[in-house]
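Residue numbering for the sequence shown follows the working numbering, beginning at 147 and increasing consecutively. Structure first, then comments.
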Amino acid sequence: MGNPHFLVIPYPSVGHVNPLMQLCEVLATHGCNITFLNTEFNHKRANTADAALENFKGPQIKFVTLPDGLGPEDDRKDPKKLIFSIKTHMPHMLPKLIQDINALNVNNSITCILVTVNMGWALEVGHKLGIKGAVLWPASATSLATCDYLPKFIQDGILDSDGNPVEKKEIELYPNMPMMDTANFPWCGLDKTLVHHIAQEMQTIKLGEWWLCNTAQNLEPAAFSISPRFLPIGPLMASDSNKSALWQEDTTCLEWLDHQPPQSVIYVAFGSSGVIDHNQLKELALGLDLLNKPFLWVVNSCDSNRVNNSYSDEFHGSKGRIVNWAPQKKVLNHPAIACFISHCGWNSSMEGVCSGVPFLCWPLVKDQFVNRSYICDVWKVGLRLDKDENGLVSKEEIKKKVEQLFDDEGIKARSLKLKELTLNNVVEGGHSSENLKSFISWAE
Ligand code: UDP
Numbered sequence: 147m148g149n150p151h152f153l154v155i156p157y158p159s160v161g162h163v164n165p166l167m168q169l170c171e172v173l174a175t176h177g178c179n180i181t182f183l184n185t186e187f188n189h190k191r192a193n194t195a196d197a198a199l200e201n202f203k204g205p206q207i208k209f210v211t212l213p214d215g216l217g218p219e220d221d222r223k224d225p226k227k228l229i230f231s232i233k234t235h236m237p238h239m240l241p242k243l244i245q246d247i248n249a250l251n252v253n254n255s256i257t258c259i260l261v262t263v264n265m266g267w268a269l270e271v272g273h274k275l276g277i278k279g280a281v282l283w284p285a286s287a288t289s290l291a292t293c294d295y296l297p298k299f300i301q302d303g304i305l306d307s308d309g310n311p312v313e314k315k316e317i318e319l320y321p322n323m324p325m326m327d328t329a330n331f332p333w334c335g336l337d338k339t340l341v342h343h344i345a346q347e348m349q350t351i352k353l354g355e356w357w358l359c360n361t362a363q364n365l366e367p368a369a370f371s372i373s374p375r376f377l378p379i380g381p382l383m384a385s386d387s388n389k390s391a392l393w394q395e396d397t398t399c400l401e402w403l404d405h406q407p408p409q410s411v412i413y414v415a416f417g418s419s420g421v422i423d424h425n426q427l428k429e430l431a432l433g434l435d436l437l438n439k440p441f442l443w444v445v446n447s448c449d450s451n452r453v454n455n456s457y458s459d460e461f462h463g464s465k466g467r468i469v470n471w472a473p474q475k476k477v478l479n480h481p482a483i484a485c486f487i488s489h490c491g492w493n494s495s496m497e498g499v500c501s502g503v504p505f506l507c508w509p510l511v512k513d514q515f516v517n518r519s520y521i522c523d524v525w526k527v528g529l530r531l532d533k534d535e536n537g538l539v540s541k542e543e544i545k546k547k548v549e550q551l552f553d554d555e556g557i558k559a560r561s562l563k564l565k566e567l568t569l570n571n572v573v574e575g576g577h578s579s580e581n582l583k584s585f586i587s588w589a590e
């Protein structure tokens, strides 16, 4: 048998494209061939985002595109619009694309279709053509298990038929997993059409023999008792890659970090879609001022205008740097970073763990809450930022918890230990590395 040839199809959002690109880089180092399918829209955006794609392209990685079915003015941040447009338009076009790819690779036709969630339709196409399938789940194995349980929760009366909790309560999905609030399930707050889509998608992706998880056995051991289909192959960001596929990174903050004392800077970032409201933004800005420590804060362009314009009287920010999009992995691994104020998105959580940086957890939605439980209660490498009676994380709370974290030698030591244990999974002979090798042999 030759080397496997993967047709890789991420859902076109940064939280899916980035981990899949990282996985592809690792697969390429094992001699696999990769055809990476981007939507036309995202491919254009990625090509303008610096040389990210140029860096990523190699002899074994080729890009192809298909239209997502939306017009240039359509809002691609609306998941309902994007998911349903993709599901309507792309499946018809995929067989022809596969045929064309195979015609160009006569001795190395596609052996496996690898998707992220929402792209299960491609596994159906592959199944009809006799091509193997697998899934990369871009969040925790715990959230994968939660989504897999969705139909059962409805059956057991924990959720109504639209996925809403019948009553707000905490449940333990599986022994030794953190408690989960039914109000923070990954689909909560979504339109019922999307909830039904998730339930259906969890069935469709069963066509994937493996559900690869960007996590490690030591981080979520209980989740891997749930299904033999779950395969930890991470953390992927432990690879040398530092590329962020879709956004232009402001790398000048790295030079700024070079001038800060070791372990002095507070890094603040809420991922690609974290939104905090006007009052909260102001409170955070004032909290950073109160601390009087250097900070690096990622705010999207609309928020950064608000910070710079609306708060100029009160907010000095003189010790800090605000950027639209940071090279986060490089930032977290910079010796000047002391701690990470994070929304606890799974990728950010993994990147923080792999950098050995302690967290201040500020979850905003969905699985970010259970990720916080892992960080604070299971791994014990962070502290919670609690809200006051007005639902705000106050400036005083920010000051108090950051100072507490700076003084907590136990958390710092555990963060370094967890980094070491976790990275051991991806060295030669490590648990995730061996899983990946078995997966590659299966995909031939
Ligand atoms: N990220 C980045 N620069 C930033 C902020 C975020 O490169 O300024 C990356 C971060 O490294 C992570 C991803 O964006 O890989 C965010 O994913 P995560 O799962 O943490 O959160 P989401 O965006 O899905 O809420």
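Note that CB positions come from ideal geometry on N, CA and C, so glycine has one too.
In terms of DSSP beta bridges, what is residue i paired with?
{"i": "Lys546", "result": "None; Lys546 has no bridge partner."}
{"i": "Phe182", "result": "Val154 and Phe209"}
{"i": "Ser488", "result": "Ala415 and Cys507"}
{"i": "Val572", "result": "The partner list for Val572 (beta bridge, DSSP) is empty, contrary to what the question assumes."}
{"i": "Glu316", "result": "Asp327"}
{"i": "Ile259", "result": "Leu153 and Gly279"}
{"i": "Ile483", "result": "Val411"}
{"i": "Arg518", "result": "None; Arg518 has no bridge partner."}
{"i": "Gly466", "result": "Phe441"}
Report the three-state DSSP secondary structure of residue i (helix, strand or coil).
{"i": "Asp246", "result": "helix"}
{"i": "Asp386", "result": "Residue placement at Asp386 cannot be trusted, given a pLDDT of 47 that sits under 50; what the coordinates show is reported in the next sentence. DSSP places Asp386 in coil when its eight states are reduced to three."}
{"i": "Leu529", "result": "strand"}
{"i": "Phe187", "result": "helix"}
{"i": "Ala472", "result": "coil"}
{"i": "Lys278", "result": "strand"}
{"i": "Pro241", "result": "helix"}
{"i": "Gly309", "result": "coil"}
{"i": "Thr234", "result": "helix"}
{"i": "Leu430", "result": "helix"}
{"i": "Leu442", "result": "strand"}
{"i": "Asn360", "result": "coil"}
{"i": "Phe376", "result": "strand"}
{"i": "Gly272", "result": "helix"}
{"i": "Lys352", "result": "helix"}
{"i": "Lys222", "result": "A quick correction: the sequence has Arg, not Lys, at residue 222. Correct three-state label for Arg222: coil."}
{"i": "Ala197", "result": "Its pLDDT being 43, under 50, Ala197 is placed unreliably by the model, and nothing is read from it."}
{"i": "Met265", "result": "coil"}
{"i": "Asn322", "result": "coil"}
{"i": "His405", "result": "coil"}
{"i": "Ile304", "result": "coil"}
{"i": "Gln394", "result": "coil"}
{"i": "Ile557", "result": "helix"}
{"i": "Phe552", "result": "helix"}
{"i": "Gly498", "result": "helix"}
{"i": "Pro332", "result": "coil"}
{"i": "His176", "result": "coil"}
{"i": "Asn536", "result": "coil"}
{"i": "Asn493", "result": "helix"}
{"i": "Ala589", "result": "helix"}
{"i": "Leu216", "result": "coil"}
{"i": "Pro381", "result": "coil"}
{"i": "Pro367", "result": "helix"}
{"i": "Val421", "result": "coil"}
{"i": "Asp115", "result": "Absent from the model: residue 115. The displayed extent of the chain is 147 to 590, so no value can be given."}
{"i": "Asp337", "result": "coil"}
{"i": "Pro165", "result": "helix"}
{"i": "Pro284", "result": "coil"}
Suppose contacts are defined by Cβ-Cβ distances below 7 Å. Is residue i in contact with residue j by that definition?
{"i": "Trp283", "j": "Gly309", "result": "no"}
{"i": "Glu347", "j": "Gly266", "result": "yes"}
{"i": "Ala287", "j": "Phe376", "result": "yes"}
{"i": "Leu510", "j": "His489", "result": "yes"}
{"i": "Cys258", "j": "Ala589", "result": "yes"}
{"i": "Thr185", "j": "Asp214", "result": "yes"}
{"i": "Ser578", "j": "Pro378", "result": "yes"}
{"i": "Ile483", "j": "Val527", "result": "no"}
{"i": "Lys533", "j": "Val524", "result": "no"}
{"i": "Phe515", "j": "Asn330", "result": "yes"}
{"i": "Cys485", "j": "Leu551", "result": "yes"}
{"i": "Glu460", "j": "Lys475", "result": "no"}
{"i": "Asp513", "j": "Ala174", "result": "no"}
{"i": "Ala345", "j": "Leu400", "result": "no"}
So residue i packs on residue j, CB below 8 Å; how close in whole Å?
{"i": "Gln406", "j": "Pro374", "result": "Actually they are not in contact, since the Cβ atoms of Gln406 and Pro374 sit about 47 Å apart, beyond 8 Å."}
{"i": "Gln206", "j": "Asn164", "result": "That belief does not hold up - the Cβ atoms of Gln206 and Asn164 are roughly 19 Å apart, past 8 Å."}
{"i": "Ser418", "j": "Gly161", "result": "6 Å"}
{"i": "Leu442", "j": "Val411", "result": "6 Å"}
{"i": "Cys359", "j": "Leu290", "result": "6 Å"}
Shell residues, 6 Å Cβ cut-off relative to heavy atoms of ligand 1: Val160, Gly161, Asn164, Ser390, Ala415, Gly417, Ser418, Ser419, Gly420, Val444, Trp471, Ala472, Gln474, Lys475, Gly491, Trp492, Asn493, Ser494 and Glu497
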